[in-house]
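Here is the structure we will look at.
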Amino acid sequence: MRHGKYPFVIGFLFAPVALYVTFVIWPYAQAFQISMTNWRGLSAPQWVGFDNYRRLLDDGAFWKAVQHHGVLLLALPLITIAIALFFAFLLNVGGKSSGGQRQGVWGAKFYRVVFFFPQVLAVAIIAVLFQMVYRPNESGLINGVLMKLGIEPILFLVKPNLALWSIIAVLVWQAVGFYVVLFSAGMASIPGEIYEAAEMDGATKVTLFFRVTLPLLWDTLQVAWVYLGIAAFDAFAIVAVLSVDGGGPDGATTVLAMEIYRNAFVYSKYGYASAMGVALFFLTLTFAALTLRLTKRESVEY
Amino acid sequence: MSITPEHPAALDRRTVLRRAAAVGMLATPAIGLLGACATSGSDGDNEQVAGGTKSEKNPLGVKEDAGIEVVIFNGGYGEKYATDVHEPLYKKAFPKAEVKHQATQAVSTVLQPRFASGNPPEFVNNSGEKLMDFGALVADGQLQDLTELWDAPSVDDPSKKVRDTVVPGTIEAGSFNGKPFVLYYVSTVFGIWYSGKLFKDNGWAPAKNWDEFIALLTNIKAKGITPYGYAGANAAYYQWNVILTHAAKIGGTDVLKNIDNLEDGAWKQDAVKQAAAAWAEVGAKFSDKSFEGLKHTDVQLRQNQYKVAMYPSGDWLEGEQKKDTPAGFDYQLMPVPSLSASDKLPATALRATAGEGYFVSAKSKNPKGGLEYMRQMLSTAGAKGFTEVVKAPTVVTAGSEGFAFPPGVASSQAALKAAGQDVFNLYFDGWYKELDTEARTATNELMFGRINADAFVERIQKRADAIKKDSSVTKFKR
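Right under this line is the structure:
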């Protein structure tokens, strides 16, 4: 049995691995090569060595984008996980217990479906939707109401110090539903006896959350953190469709993918764009390695 | 708190989740590598067809039965003018040739791979938001030199060369370093647009000089209408166009020539600074901050609803807004007003150019066929047909004669006539896309009050200097 295992596994893996190498690994390798050239997308590229990378060092837009990824990397997982945890707790164990079984708040089943809605919508549609929500005049969803009440409209995507947070709000809104479901699944597998025992000892809901739910959910949280971190390195579609002037005003919401897109498909500087892509590749890898390192912790067995 | 596992399956699920996360991490950097298309297989494998016999009917020597492929940008002008007018004209001249038609809204998405693989279509209408960089195409030798076309006898009168049937400046507009590569087909006039009805009802008159203009803006504001505005979200170039047009009127057309040629300090010329300062004031006092978050269609719609009085644009505006324009709106064009009596150009001077670019691919199978297609486009029948379908004047002088244009185009054509010799154009945005982007960003910063005129010219100049130093960018001169 043991002997026949590897040929069997390899036989099955061959097709997917071949596809993966051709369509994923090979383009990566090519991007490294292109990033060393001044290719403009048409004729044969010329080798320029590390010129593109040197240029990256004093490209203001590039550093602005990196900075925004820093903000996203902190804000997006923190806010999303906090909200998703809160909702998941309410939906699963926040209600009364009946017959020894913890229950969610009233209407939990309905909310669970509603929270998942944004996940079903395409990202581009969400961005267009929020264009309407954020519209800076009387036809905007929020400002329409504000203006009816006689309040000055809020220029969500226009004010440089507000624009990035408006974008983050959309990303959070879109992500929360998925993590509610993920955390719900995690909570469902926490044995009811633990809650029962804790409750018998007089634990409040807050204590239950921090002393029981959170520690037993640690693995799932870790996964969520990595996923959201990766999402923070993307954010392209929302920024491209929603922001003013493509990552504006004056680069206040730009992200690396936006700069890559601009350099590649607007300026036709494929070489330089690839150099940015390579930089992003290493940023993402570093983040993933760091997260897995830092969150390595003895998980609670039960 | 260690308890023996009750559900071993749950532990498995977690391991799976963690592994899934690891896989996700490996897969995601793909977003970053969007530019990773293949560079290989450029040229060589595209056999070009032999020439046909030259004759009076076929001065370019096109092979009679060789097909051509036509790619049309399906935007403001649609594709009907090609399928109903120009392609039938080519078919009529060469009944044995097959004309393959394709329309797209994203030119570069469709064509970039075709150029990269060395199999481009013969004839391309390169326009729209996703147009291919003309400068890069020229630098790469992808575009057919049009000299042969311009020197060929015209369809209607063999004793007249094609170059003599078009409006002066047409060939220059499509030339790069003195060589014609692009046919700009549609005559375009830029200015500030207003509703003739709104102005008449309120007794306002278009302004010729700056004092009149400020008075007009003040009057409109008093009426509760936003006097002036452009869309910051995606159309800031409509406004830098106004600022630079103004600069050219103040300091003469050399101001723009210096900018196009990337001369040192070109953006810091006094004329540019004065124009920027004047318009920054308009932005601060007579516009609406929320416009920075609006798209051009939003602001144009507000003008149609009489909520915005004046809007800068080219004369495609009237056609673009046809569906939303209320009856009797009466689009009218006013040239950018002059700043002071010491302006170098008169108040009637304006920016006009030929717009909507077409080119023939040098590395296509049948480039001669592409040139012939252009020759047919530039015939009186081709131009008249185009104007009838899209209601816009072409560069062919005989094509617009006797056509009753709608009020907006009629007023821009009248303004063009009034301008006489004082018509100018600028090219840097087509030559250096990066400079265009920077000018757009800086214009929003200026007009919505975050920087002043000095900082405006300073930052664009900085980018222009960087482009000048960048050896990977092909430079153009005029």
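Protein sequence lines, in the order shown, are assigned to chains D and B. Following this note's numbering, the numbering of the first sequence begins with -1 at its first residue and continues without gaps. Following this note's numbering, the numbering of the second sequence begins with 54 at its first residue and continues without gaps. Ideal Cβ positions, reconstructed from N, Cα and C, are used throughout, including at glycine.
So, does the CB of residue i fall closer than 8 Å to a CB anywhere in chain B?
i	result
residue 109 of chain D	no
residue 181 of chain D	no
residue 242 of chain D	yes
residue 36 of chain D	yes
residue 248 of chain D	yes
residue 151 of chain D	yes
residue 75 of chain D	no
residue 116 of chain D	no
residue 135 of chain D	yes
residue 7 of chain D	no
Which chain B residues are close to residue i, counting only those with a beta carbon under 7 Å from its beta carbon?
i	result
residue 193 of chain D	Correct list: empty, because the minimum Cβ distance to chain B is about 13 Å.
residue 190 of chain D	Here the premise fails: no neighbours, minimum Cβ distance about 11 Å.
Looking at the secondary structure, which residues open and close the beta strand (DSSP E) in which residue i lies?
i	result
residue 485 of chain B	From DSSP, residue 485 of chain B is part of no beta strand (DSSP E); its letter is neither H nor E.
residue 237 of chain B	236 to 248
residue 116 of chain D	Per DSSP, residue 116 of chain D belongs to no beta strand (DSSP E); it is in the alpha helix (DSSP H), 106 to 118.
residue 366 of chain B	361 to 367
residue 22 of chain B	Limits of chain B in this structure are 54 at one end and 531 at the other, which puts residue 22 of chain B out of reach.
residue 156 of chain B	152 to 157
residue 178 of chain B	176 to 179
residue 409 of chain B	403 to 413
residue 71 of chain D	Note, residue 71 of chain D: premise wrong, no beta strand (DSSP E); alpha helix (DSSP H) at 58 to 90.
residue 280 of chain B	279 to 281
Please compile the residues from chain B whose C-beta is within a distance smaller than 8 Å of the C-beta of residue i.
i	result
residue 68 of chain D	Residues of chain B passing the Cβ test: none, with the nearest at roughly 16 Å.
residue 40 of chain D	95, 168, 169, 189, 190, 193 and 195
So that I know if they touch, is there some Cβ in chain D lying closer than 8 Å to that of residue i?
i	result
residue 157 of chain B	no
residue 377 of chain B	no
residue 493 of chain B	yes
residue 518 of chain B	no
residue 186 of chain B	yes
residue 180 of chain B	no
residue 417 of chain B	no
residue 230 of chain B	no
residue 74 of chain B	Note that residue 74 of chain B scores a pLDDT of 46, beneath 50, so its modelled location is shaky; the value from the coordinates is reported in the next line. Closer than 8 Å: yes.
residue 414 of chain B	no
residue 212 of chain B	no
residue 248 of chain B	no
residue 525 of chain B	yes
Assuming residue i and residue j make a contact with CB atoms under 8 Å, what is their CB distance in whole Å?
i	j	result
residue 207 of chain B	residue 453 of chain B	Wrong, their Cβ atoms sit about 16 Å apart, outside the cutoff.
residue 223 of chain B	residue 237 of chain B	6 Å
residue 417 of chain B	residue 408 of chain B	Going by Cβ atoms, the distance from residue 417 of chain B to residue 408 of chain B rounds to 24 Å, so no, they are not a contact pair.
residue 362 of chain B	residue 281 of chain B	7 Å
residue 180 of chain B	residue 446 of chain B	No, residue 180 of chain B and residue 446 of chain B are not in contact; Cβ-Cβ is about 17 Å, not under 8 Å.
residue 337 of chain B	residue 296 of chain B	Not a contact, Cβ separation roughly 14 Å.
residue 40 of chain D	residue 164 of chain B	In fact, because the Cβ distance is near 10 Å, the residues do not count as touching under 8 Å.
residue 258 of chain B	residue 252 of chain B	7 Å
Tell me which residue opens and which closes the alpha helix (DSSP H) that residue i is part of.
i	result
residue 192 of chain D	190 to 198
residue 185 of chain D	158 to 186
residue 255 of chain D	254 to 259
residue 258 of chain B	Here residue 258 of chain B belongs to no alpha helix (DSSP H), and DSSP marks it neither H nor E.
residue 291 of chain D	268 to 292
residue 141 of chain D	139 to 146
residue 230 of chain D	216 to 230
Below 8 Å on C-beta distance, what does residue i contact in chain D?
i	result
residue 487 of chain B	265
residue 108 of chain B	Those do not exist, as residue 108 of chain B stays about 35 Å from chain D at its closest Cβ, beyond 8 Å.
residue 453 of chain B	Chain D residues near residue 453 of chain B: none, gap ~34 Å exceeds 8 Å.
Could you work out which residues of chain B lie near residue i, taking near to mean beta carbons separated by less than 9 Å?
i	result
residue 160 of chain D	Result: empty, since nearest Cβ-Cβ is about 11 Å, beyond 9 Å.
residue 155 of chain D	286, 345 and 346
List, in order along the chain, the chain D residues whose C-beta lies closer than 7 Å to that of residue i?
i	result
residue 287 of chain B	243
When Cβ atoms are compared, which residues of the segment 188 to 208 of chain B fall closer than 9 Å to chain D? 188, 189, 190, 192, 193, 194 and 195
Chain-ordered residues of the segment 338 to 368 of chain B with a beta carbon less than 9 Å from chain D: 341, 342, 343, 344, 345, 346, 347, 348, 351 and 355
Would you list, in chain order, the members of the segment 497 to 513 of chain B that have their beta-carbon closer than 7 Å to a beta-carbon of chain D? 497 and 498
Can you pull out the residues from the segment 392 to 415 of chain B whose beta carbon lies closer than 9 Å to at least one beta carbon of chain D? none
In the segment 455 to 488 of chain B, which residues sit with their C-beta less than 7 Å from some C-beta in chain D, listed in chain order? 486 and 487
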